[in-house]
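Numbering (the working numbering), first residue to last: 7 to 250. Heads up, the beta-carbon is just placed ideally off N, CA and C, and yes, glycines get one too. Report on one structure; see the data block that follows.
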């Protein structure tokens, strides 16, 4: 398998998530202490603040995860999506968008979409949604939304505008729902491409996205099924290997 976890990067992600999760849980515990009017839970705060596991001997992410304290809920240090607007009223003039299931524990899945060609994930939860070519008028302004109606509902991404959508069957078709293109960066970390409503086949998309004009060559890349990818929690430690 030409993908690996950079274990040192994964350790840094673990410590960053641990620090953030302790901070969030400490706030929750302090609220309980305030409500109860006593310091019964102060020992729990003291334990969490002093918990810094030694990861020098770990060899994989399963061993890293085993060092997470069972009493500590997990809060990702990075938001699942940037600029989230929760519980907004769904706009009427959506000209492109998609619904996503996303969590720190699984690779983001696309439930439905229209007029979105593909998604670029450069790192973490930094997503860029690429609409169909010529869908947007360069002389117009559009609103963009990340959000959901309720925290139990899927995430939504929407482009809002006044352009009429052509009745084309392909605009809702997701021909490669489980495919992910990983493109190697100079430090071996990866850019992940999620194909959505493609008007071209996967091979043509891959060729266009990976070609380097000034070098007249293609960047190293691999295509994976989502079930073949490592834990999403350690997304920023993924590396492509096996290419000189």
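Contacting residues, own chain, Cβ-Cβ under 7 Å from residue i (five flanking each side not counted)
i	result
residue 79	27 and 31
residue 160	105, 106, 107, 117 and 154
residue 185	201, 208, 229 and 231
residue 227	187, 188, 189, 190, 212 and 216
residue 142	148
residue 99	166, 167 and 168
Which residues DSSP lists as bridging residue i, in chain order
i	result
residue 124	136 and 201
residue 163	104 and 152
residue 116	106
residue 218	223
residue 129	132
residue 196	190
Range covered by the beta strand (DSSP E) that runs through residue i
i	result
residue 10	9-11
residue 187	185-190
residue 63	Residue 63 -> no beta strand (DSSP E), and no H or E assigned at all.
Reference residue i; option with closest CA among the options
i	options	result
residue 207	52, 181 and 41	181
residue 84	234, 58 and 20	20
Test item: CB-CB of residue i and residue j under 8 Å
i	j	result
residue 82	residue 12	no
residue 101	residue 165	yes
residue 119	residue 70	no
residue 203	residue 121	yes
residue 135	residue 163	yes
residue 113	residue 238	yes
residue 242	residue 103	no
Contacting residues, own chain, Cβ-Cβ under 8 Å from residue i (five flanking each side not counted)
i	result
residue 247	8, 9, 10 and 194
residue 73	20, 59, 61 and 64
Chain-order list of residues whose beta-carbon lies under 6 Å from that of residue i (same chain, five-residue window excluded)
i	result
residue 93	Its pLDDT being 48, under 50, residue 93 is placed unreliably by the model, and the measurement read from it follows with that caveat. Within the same chain, residue 93 has no close Cβ partners at all.
residue 14	none
residue 128	197
residue 149	166
Span of the alpha helix (DSSP H) around residue i
i	result
residue 235	First-last for residue 235: undefined, no H or E at that position.
residue 246	Looking at the DSSP string, residue 246 is not in any alpha helix (DSSP H); the run it does join, the beta strand (DSSP E), is 244-246.
residue 180	No alpha helix (DSSP H) contains residue 180, which DSSP labels as neither H nor E.
residue 54	48-55
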